[in-house]
Amino acid sequence: MGKRVLLIEDEPNIIEAIRFILSRDGWTVETHSDGATAVAAVAAKRPDIVILDVMLPNKSGFDILRDLRGMAEHAARPILMLTARGQKKDRDMAEAAGVSHFMTKPFSNSEMLEAVRSLAGPDRAQAHSDG
Amino acid sequence: MPRSALTGTRIRERRSLEGLKQADLARDVGISPSYLNLIEHNRRRIGGKLLVDLARALGVEPSALTEGAQVPLMEGLQDAASNAAPGPRRGGAKGTTDPETARAEEFAGRFPGWAALVVAQRDRITALERRVEALNDRLAHDPFLSDSLHEVLSTVTAIRSTAGILNNAGDIDRDWQARFHRNLYEDSQRLADGSQALVSYLDTVGKSEDTLSAPLDEVEAWLAQRDFTIPELECGMMPDLVGDEGLRSPAAQSLARKWVLRARAEAEKMPVSLVEDVIAAHGPDPAALAQEAGVDLAAAMRRLAALPPKEGRPPMGLVICDGSGALTFRKPLDGFAPPRFGAACALWPLYQALLRPMVPIRRVVEQQGQPARRYLAYAICQPRPPKSFDAPEVVEVTMLFLPLDRLDGLGHVPRDAEVLGVGTSCRVCARKNCVARREPSMVLEDVEEG
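Top line first, the protein sequences correspond to chains W and H.
Just so you know, the first sequence maps onto residues 1 to 131 in UniProt numbering.
Just so you know, the second sequence maps onto residues 1 to 450 in UniProt numbering.
Printed below as a string of structure tokens:
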């Protein structure tokens, strides 16, 4: 059975595009758009991978990341972070907070697929690419 | 040893005017002609008895030879030297790049045009540095800029991703294709709008930063052009703040509006006729004016400083600072100019008043210079009207200062012991063993060397 991704992002057209490319790659994609309830959504859905945008309404992605890493249940869950600010200090901040992978917008579809596959583990990373 | 601000040049001018030969003047005062020649070219400092002798021989007051008209130039040069890129310090291996601060006077005397250029460039560098700081700040913290960049990048991300899907579109069904095409169209609209907004915003930023200076500097320059007095206010009118004669940046306009509205209310409470009666009876005393008009001391000081200049009326300078000590208003006087950038002298009665809110302070202060000049200073620290109960306490300190030598017959003849020596700003201040010194003086250093 396909693995599950939870996409936490508030741009409808980005959601649609990412959902499409990941679904076609065999993933089950669920989405969530509100920062304030994002931690609860991760806890409820227990996805294999979290894709987390930094700029979310009501709560920043950095805060969500810190909260998740502070909970034993999510300490090791793969989290891919997306941001429109590729500055070094943002990357450093994300790494300090325990991000699994950090990606700057705008990214290409193949970059997104590669990142998600490698976070899922070596067996998935070998899968075919259609990026 | 007193510093002669281009005294030599004045001696030379005066001697030529009198038609005296260098040799004759030198013999009169008992020095060699070559020594006098060095003095006249500002290459030897002069003071004390020799200065008095020369003045007598030339038929002028000693002060006429030492009058400090060049003081701003000298202070500017010293400040420029102290801000020079840090080279090897004196005392160690002497660097070739150090300015010869001990010979600043000679430089100013022999090359006044170049000296003025150095000072003007120092001012310009400082202004440009501030502008770079402001722009830096803006890029890092401007919420509009950061929002619109985020919007543009988000839209570009969606477009890139969607376009990537369509580009590989072999096996996408028609409904999805139509949907992605519609998304692409919407996003391209958004991108066009967003980038247009960004461009027009950057355009206006460029314009408002054109003025170069901080809003406060702009307001002061505007007031200075009007001699710090606004005739419209005397008949209840408002001056034009935004027109051709007005201020350029909105920030300066709003600062000026606040200032002018307060000044207008005070002009109404203290009409010129009333102020002139008070001055005739008591001299320019803010306490007398405050009593007579039923206003607080700070208002009386601001009103006195805003009077139009008039024959026989002493010029009055004003500085205002907030509780952090930052100067928020500066009306300079000849010989008593608050620093344009950075903090002033901590000994000023302004700051002494800040330490004791609501206690009126009156001191005679002496600004070092050639000659030293004395001013009568009044200061008071008053709370600003609170916004509400429990609101943070905010104070404003006001200091009015008048040249003492223009207060003839008004009974203020302080003994030397009562005179408080002050400066302008530590770097250009030569006061020795000053308890309030916060950074080493350029001037003091080269006096000790000389």
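Note that beta-carbon positions come from the ideal geometry of N, C-alpha and C, so glycine has one too.
Keep in mind that this is a model prediction, so the values were computed, not measured.
Give the secondary structure of residue i by DSSP, where H, G and I count as helix, E and B as strand, and everything else as coil.
i	result
residue 279 of chain H	helix
residue 317 of chain H	strand
residue 65 of chain W	helix
residue 398 of chain H	strand
residue 81 of chain W	strand
residue 329 of chain H	strand
residue 349 of chain H	helix
residue 381 of chain H	strand
residue 12 of chain H	helix
residue 403 of chain H	strand
residue 69 of chain H	Bear in mind that the predicted position of residue 69 of chain H carries a pLDDT of just 48, short of 50, making it unreliable; the figure below should be weighed with that in mind. Of the three classes helix, strand and coil, the one that applies to residue 69 of chain H here is coil, per DSSP.
residue 322 of chain H	strand
residue 107 of chain H	helix
residue 44 of chain H	coil
residue 6 of chain H	coil
residue 121 of chain H	helix
residue 31 of chain H	coil
residue 393 of chain H	coil
residue 366 of chain H	strand
residue 451 of chain H	In the structure as shown, chain H starts at 1 and stops at 450, and residue 451 of chain H therefore has no counterpart that could be examined.
residue 420 of chain H	strand
Residue i: which of the options sits nearest, CA to CA?
i	options	result
residue 344 of chain H	H/359, H/362 and H/322	H/322
residue 16 of chain W	H/157, H/301 and H/397	H/157
residue 219 of chain H	H/197, H/235 and H/245	H/245
residue 5 of chain W	W/14, W/63 and W/80	W/80
residue 214 of chain H	H/129, H/359, H/405 and H/155	H/129
residue 21 of chain W	H/7, H/180 and H/16	H/180
residue 238 of chain H	H/265, H/249, H/217 and H/248	H/265
residue 163 of chain W	H/150, H/311 and H/183	Shown here, chain W extends from 1 to 131; a query on residue 163 of chain W therefore has no answer.
residue 404 of chain H	H/394, H/395, H/398 and H/415	H/415
residue 39 of chain H	H/15, H/362 and H/60	H/15
residue 190 of chain H	H/177, H/225, H/152 and H/226	H/152
residue 233 of chain H	H/341, H/242, H/270 and H/224	H/270
residue 258 of chain H	H/329, H/276 and H/200	H/329
residue 185 of chain H	H/29, H/175 and H/159	H/159
residue 53 of chain H	H/227, H/77 and H/27	H/27
residue 365 of chain H	H/315, H/115, H/441 and H/419	H/419
residue 355 of chain H	H/383, H/336 and H/335	H/383
residue 59 of chain H	H/29, H/235, H/73 and H/117	H/29
residue 145 of chain H	H/195, H/170 and H/164	H/195
residue 32 of chain W	W/25, W/64 and W/92	W/64
residue 108 of chain W	H/75, H/285 and H/168	H/168
Answer yes or no: the CB of residue i versus the heavy atoms of the ligand HEM, is any distance below 7 angstroms?
i	result
residue 218 of chain H	Within the structure as shown, the ligand HEM is missing, as the structure has no ligands at all.
If contacts are defined as beta-carbon pairs under 8 angstroms, then residue i and residue j qualify, I think. What distance do you get, rounded to the angstrom?
i	j	result
residue 339 of chain H	residue 379 of chain H	So it is not a contact: roughly 17 angstroms between Cβ atoms.
residue 461 of chain H	residue 297 of chain H	This structure leaves residue 461 of chain H out entirely; chain H is present only between 1 and 450.
residue 133 of chain W	residue 55 of chain W	What the structure shows of chain W is the stretch from 1 to 131, and residue 133 of chain W is not part of that stretch, so it cannot be assessed.
residue 331 of chain H	residue 318 of chain H	4 angstroms
residue 161 of chain H	residue 427 of chain H	Not confirmed; about 58 angstroms, so no contact.
residue 42 of chain H	residue 19 of chain H	That belief does not hold up - the Cβ atoms of residue 42 of chain H and residue 19 of chain H are roughly 22 angstroms apart, past 8 angstroms.
residue 198 of chain H	residue 148 of chain H	5 angstroms
residue 302 of chain H	residue 252 of chain H	Not confirmed; about 19 angstroms, so no contact.
residue 3 of chain W	residue 48 of chain W	4 angstroms
residue 44 of chain H	residue 35 of chain H	7 angstroms
residue 423 of chain H	residue 368 of chain H	6 angstroms
residue 299 of chain H	residue 400 of chain H	Between residue 400 of chain H and residue 299 of chain H the Cβ distance is about 11 angstroms, and since that is not below 8 angstroms, they are no contact.
In chain C, what lies closer than 8 angstroms to residue i by C-beta?
i	result
residue 105 of chain W	Looking for chain C here will not work: the only protein chains present are W and H.
Practice problem: Entirely within the stretch 283 to 310 of chain H and at least 4 residues each: give me those alpha helix (DSSP H) ranges in chain order. | Solution: 286 to 293 and 297 to 305
Practice problem: Could you please tell me which residues of the stretch 6 to 32 of chain W, in chain order, have their CB closer than 8 angstroms to any CB of chain H? | Solution: 11, 13, 14, 16, 17, 18, 20 and 21
Exercise. Counting only runs of 3+ residues fully inside the UniProt domain "Response regulatory" (4 to 120) of chain W, write out the beta strand (DSSP E) ranges in chain order.
Key: 4 to 8, 28 to 32, 49 to 53, 79 to 83 and 101 to 104
Practice problem: Let me know the alpha helix (DSSP H) ranges lying completely inside the stretch 136 to 194 of chain H, each 4 residues or longer, listed in chain order. | Solution: 143 to 167
Quiz item: Listed from N- to C-terminal order along the chain, which residues in the stretch 8 to 25 of chain H have their beta-carbon within a distance smaller than 9 angstroms of any beta-carbon of chain W?
Solution: none
Quiz prompt | 4-residue-minimum alpha helix (DSSP H) runs that sit fully inside the stretch 219 to 286 of chain H, ordered along the chain | solution = 250 to 269 and 272 to 282
Quiz item: Listed from N- to C-terminal order along the chain, which residues in the stretch 120 to 150 of chain H have their beta-carbon within a distance smaller than 9 angstroms of any beta-carbon of chain W?
Solution: 146, 149 and 150
Practice problem: Residues of the stretch 152 to 164 of chain H with a CB closer than 7 angstroms to any CB of chain W: list them in chain order, please. | Solution: 153, 154, 156, 157, 158, 160, 161, 162 and 164
Exercise. Can you give me, in chain order, the residues of the stretch 173 to 193 of chain H that have a beta carbon less than 8 angstroms from any beta carbon in chain W?
Key: 176, 179, 180, 183, 186 and 187
Quiz item: For the stretch 45 to 56 of chain W, which residues have a beta carbon sitting closer than 8 angstroms to at least one beta carbon of chain H?
Solution: 55
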